[in-house]
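Just so you know, we're using numbering that gives the first Met the number 0 here: the sequence shown kicks off at 0 and counts up by one. In what follows, a structure is listed as structure tokens, so that the remarks can point back to it.
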Amino acid sequence: MGIFPDNFLWGGAVAANQCEGAFDEDGKGLSVQDVLPHGIRGERTAVPTEDNMKLKGIDFYHRYEEDIRLFAEMGFKVFRTSIAWSRIFPKGDESEPNEKGLEFYDRLFDECHKYGIEPLVTISHYETPLYLAEHYNGWANRKLIGFFENYVRVIFERYKGKVKYWLTFNEINSILHAPFMSGGITTPPAELSEQELYQAAHHELVASALAVKIGHEVMPGAEIGCMILSMPAYPLTPAPEDVLRAMEDEHKNYFFGDVHVRGEYPGYMKRYFKEHGIEIRFEPEDGEILKNTVDFVSFSYYMSCCAAADEDKQARGTGNLLGGVPNPTLKASEWGWQIDPKGLRYVLNQYWDRYQKPLFIVENGLGAVDELVEDENGNKTVEDDYRIEYLRSHLEQVKEAVKDGVELMGYTSWGCIDVVSASTAELKKRYGYVYVDRNDDGSGTLNRYKKKSFYWYRDVIKNNGETL
Ligand code: BG6
Numbered sequence: 000m001g002i003f004p005d006n007f008l009w010g011g012a013v014a015a016n017q018c019e020g021a022f023d024e025d026g027k028g029l030s031v032q033d034v035l036p037h038g039i040r041g042e043r044t045a046v047p048t049e050d051n052m053k054l055k056g057i058d059f060y061h062r063y064e065e066d067i068r069l070f071a072e073m074g075f076k077v078f079r080t081s082i083a084w085s086r087i088f089p090k091g092d093e094s095e096p097n098e099k100g101l102e103f104y105d106r107l108f109d110e111c112h113k114y115g116i117e118p119l120v121t122i123s124h125y126e127t128p129l130y131l132a133e134h135y136n137g138w139a140n141r142k143l144i145g146f147f148e149n150y151v152r153v154i155f156e157r158y159k160g161k162v163k164y165w166l167t168f169n170e171i172n173s174i175l176h177a178p179f180m181s182g183g184i185t186t187p188p189a190e191l192s193e194q195e196l197y198q199a200a201h202h203e204l205v206a207s208a209l210a211v212k213i214g215h216e217v218m219p220g221a222e223i224g225c226m227i228l229s230m231p232a233y234p235l236t237p238a239p240e241d242v243l244r245a246m247e248d249e250h251k252n253y254f255f256g257d258v259h260v261r262g263e264y265p266g267y268m269k270r271y272f273k274e275h276g277i278e279i280r281f282e283p284e285d286g287e288i289l290k291n292t293v294d295f296v297s298f299s300y301y302m303s304c305c306a307a308a309d310e311d312k313q314a315r316g317t318g319n320l321l322g323g324v325p326n327p328t329l330k331a332s333e334w335g336w337q338i339d340p341k342g343l344r345y346v347l348n349q350y351w352d353r354y355q356k357p358l359f360i361v362e363n364g365l366g367a368v369d370e371l372v373e374d375e376n377g378n379k380t381v382e383d384d385y386r387i388e389y390l391r392s393h394l395e396q397v398k399e400a401v402k403d404g405v406e407l408m409g410y411t412s413w414g415c416i417d418v419v420s421a422s423t424a425e426l427k428k429r430y431g432y433v434y435v436d437r438n439d440d441g442s443g444t445l446n447r448y449k450k451k452s453f454y455w456y457r458d459v460i461k462n463n464g465e466t467l
């Protein structure tokens, strides 16, 4: 046997709102993404506007058969996508689901199984129904737990024979940084108190544990995980103050994993709440519900950052949702995300040491501008050696972590086919092995083309990571 186990789940990941398009077809309601034409850093609009690339996405809703076939050609064992909540419950608070929405995911999961690809499904990936945001203030409102419960019961019952692997909330810790996109909270960030934010996080944590409980009842063989945005914070200097600052920054993220894995609030968070005048309102049943801990821990990894005690050094990097002090020893992508393959080995070891639960890397990759060229046979392609280098160097470190003894279920790189970016809502920030001919001005044929990395990843999977 090689380094990676024989049943290692190689594959790729997308999210419904970034690829499906068809934003108002077959009874789908609006989601928060339909009014975010410029991603997290831009203003939301009152109604969907034409400049919003996500409304059409890459038209996966109509082209999924071709796309799954391409994933199968690369040898995918697993395909991660999300269910768009507002396809199933257009407003979010109805009691009866939208049958047409359910049928779409039946077709999609059947298509995956046709090729022996296991779906890995995110239940909520930055796509809270807009109605729940506008009428309830999203996850700030405890009522969301009940609506979410209704939603998960429906999808678990419907897909129990088709989906074995589930994730509850995508990057659940991001609610602290992007309250509207991540949690459907409409209170303007400047008016949003930490009290309200952590209460919303509590509602999500309870809802997540409830999903684990219901999932295990409805689907005895299913495995249900949490999903954390991981971004290790290294101390900027060896000064103990910086080390402690890094620890405190890390706690803000560990908090979410700790509750999911241990089933209770950690001491450092109770202290933080106490010292900041935050009182989380627990209903009597919450303590019991939280004890429904996850089967595995999944996470995204794109970059690391630094932490410094000196507030003057806190200049934020332009990276992922979490920001962070830039690391002077690392280079960055075109979007300012610092590239740190060794950080992935570090994170894997940190999580494994802390949780002793199977881990799953469900996002990793390089967002870059690609140029479509013709190869010697006249076929269109992209010579994306930079992407291959990013992925290869990260996978080498994954291999090191497996040698360290980390139990890892699989690896799904982000945006296995080009999709619309979450943070900037652009299509020119591409992650895929497959190029999609669509541009940010709306032009393009939507044709798919295999990049050089397509063949590279196909070989990685074929050799089970032995020849990296
Ligand atoms: C993660 C999200 O934060 O990063 C994805 O879960 C997102 O939805 C990915 O697409 C990459 O970020 P971006 O902003 O480059 O699309």
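We treat Cβ as the ideally placed atom computed from N, Cα and C, and that holds for glycine.
1. Could you check the C-alpha separation between Gln337 and Thr292 for me, to the nearest Å?
2. Closer than 8 Å is the cut-off here; do at least three beta carbon pairs connect the region 347-363 with the region 403-420?
3. Output yes or no for whether 9 Å exceeds the beta carbon distance between Gly323 and Ser303.
4. Quick one: does the C-beta of Trp138 sit closer than 8 Å to a heavy atom of ligand 1?
5. Within 8 Å, do at least three Cβ pairs link the region 51-58 to the region 96-111?
6. Mind checking who Lys449 pairs with in its DSSP beta bridge?
7. Across the region 217-224 and the region 184-199, are there enough close Cβ pairs to call them in contact, namely three or more that are closer than 8 Å?
8. Per DSSP, what kind of secondary structure is Arg457 in: helix, strand or coil?
9. In whole angstroms, what separates the C-alpha of Thr380 from that of Glu333?
10. For Tyr410, verify whether its CB is less than 8 Å away from any heavy atom of ligand 1.
11. What would DSSP say about Gly137, mapped onto helix, strand or coil?
12. Less than 8 Å between the CB of Gly512 and some heavy atom of ligand 1, yes or no?
13. Using only CA atoms, which one of Asn446, His250, Pro283, Glu287 lies nearest to Arg270?
14. Is DSSP giving Phe168 helix, strand or coil here?
15. Taking 8 Å as the cut-off, is the beta-carbon of Gln17 closer than that to any non-hydrogen atom of ligand 1?
16. Going straight from the alpha carbon of Phe147 to that of Leu445, what length do you get?
17. Looking at the unbroken alpha helix (DSSP H) that takes in Met502, where does it start and where does it end?
18. For a minimum of 3 consecutive residues, which ranges assigned as the beta strand (DSSP E) are wholly contained in the region 89-159?
19. Just the Cα atoms here: how many angstroms apart are Met268 and Phe254?
20. Say yes only if the C-beta of Gly366 is nearer than 8 Å to one or more non-hydrogen atoms of ligand 1, and no if none qualify.
21. Going by DSSP in three states, Ile223 sits in which element: helix, strand or coil?
22. Taking C-alpha atoms, which residue in Thr423, Arg447, Glu465 lies nearest to Ala396?
23. Rounding to the nearest angstrom, what Cα-Cα distance links Lys427 and Asp417 in this structure?
24. Any idea which residues DSSP pairs Tyr233 with across the strands?
Per the coordinate set shown:
1. Distance between the alpha carbons of Gln337 and Thr292: 33 Å.
2. Contact holds: three or more Cβ-Cβ distances are below 8 Å.
3. Against a cut-off of 9 Å, the Cβ pair of Ser303 and Gly323 comes out as a contact.
4. Trp138: no, Cβ never under 8 Å from ligand 1.
5. In short, these stretches do not touch, since the Cβ pair count stays below three.
6. The partner list for Lys449 (beta bridge, DSSP) reads Val433.
7. No, because fewer than three Cβ pairs between the region 217-224 and the region 184-199 fall closer than 8 Å, the two stretches do not touch.
8. Under the three-state reduction of DSSP output, Arg457 falls in the helix class.
9. Distance between the alpha carbons of Thr380 and Glu333: 21 Å.
10. Incorrect: Tyr410 has no Cβ contact closer than 8 Å to ligand 1.
11. Under the three-state reduction of DSSP, Gly137 is assigned to helix.
12. Nothing about residue 512 can be read from this structure; the chain reaches only from 0 to 467.
13. Nearest of Asn446, His250, Pro283, Glu287 to Arg270, Cα basis: His250.
14. The three-state secondary structure of Phe168, taken from DSSP, is strand.
15. Yes, ligand 1 has a heavy atom inside 8 Å of this Cβ.
16. The alpha-carbon separation between Phe147 and Leu445 amounts to approximately 34 Å.
17. Coverage of the chain is limited to positions 0 through 467, which leaves residue 502 absent and any answer about it impossible.
18. Along the length of the region 89-159, whole beta strand (DSSP E) runs at least 3 residues long occupy 117-123, reported in chain order.
19. Separation of Met268 and Phe254 (C-alpha to C-alpha, rounded to the nearest whole angstrom) is 7 Å.
20. At least one heavy atom of ligand 1 is nearer than 8 Å to the Cβ of Gly366, so yes.
21. In the structure shown, Ile223 sits in a strand (DSSP, three-state: E or B).
22. The sequence given here has Gln at residue 396, not Ala. Nearest C-alpha to Gln396: Glu465.
23. Computed Cα separation, rounded: 9 Å.
24. Tyr233 pairs with Cys305.
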